[in-house]
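The block underneath contains the structure these notes are about, expressed in structure tokens.
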Amino acid sequence: MTNCVHPLVLSKALSYSFNGTKLVKTRFCGIQANASPLAPGELDHSSDLKSSDSSSLAGEMMELYKYITPKILGGCCGTDNTHLEEIAKRIKRRR
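Following this line, the structure appears as structure tokens:
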């Protein structure tokens, strides 16, 4: 499980061959995503909220299925009900 990380960052990490093991795929259960793809240092000094739109974030969350089968897809910093509703719609379409 990871928290407060944008799904693009997690996808990049999971794309490395050493993270393609059965152990990682079995034990990695999800993400509480930060809505911004910016690095922490860039966000720390920002005077306004930086956030991906709900459709983009949900699409990037669905890309994680290339690497893992997440049981938990949620939000953290910068997400709101629109992000979570779009993620829920995309999960429902996968079923």
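Here the sequence shown is numbered in numbering that gives the first Met the number 0, starting from 0 and rising by one per residue. By construction, the Cβ of each residue, glycine as well, lies at the ideal position given by its N, Cα and C atoms.
CB contact flag (His5, Pro39, <7 Å) | The answer is no: Cβ separation not under 7 Å.
What residues match up with Ile71 in a beta bridge as DSSP calls it?
-> Gly29
Relative to the C-alpha of His82, which residue among Arg94, Lys65, Asp52 is closest?
-> Asp52
Please find out if some non-hydrogen atom of the ligand NAP comes closer than 6 Å to the beta-carbon of Ser46.
-> Ligands in the displayed structure: none, and consequently the ligand NAP is not present.
What does DSSP give as the partner residues of Asn18 in its beta bridges?
-> Answer by DSSP bridge pairing: none, since Asn18 is not bridged.
Taking the CB atoms as reference points, tell me whether Met0 and Cys28 lie closer together than 7 Å.
-> yes
Closest residue to Cys76 among Asp43, Lys11, Arg26 (Cα-Cα distance) = Per the C-alpha coordinates, the member of Asp43, Lys11, Arg26 positioned closest to Cys76 is Asp43.
Roughly how far, in whole angstroms, is the beta-carbon of Ala34 from the beta-carbon of Gly73, given that I think they are within contact range, below 8 Å?
-> In fact, because the Cβ distance is near 11 Å, the residues do not count as touching under 8 Å.
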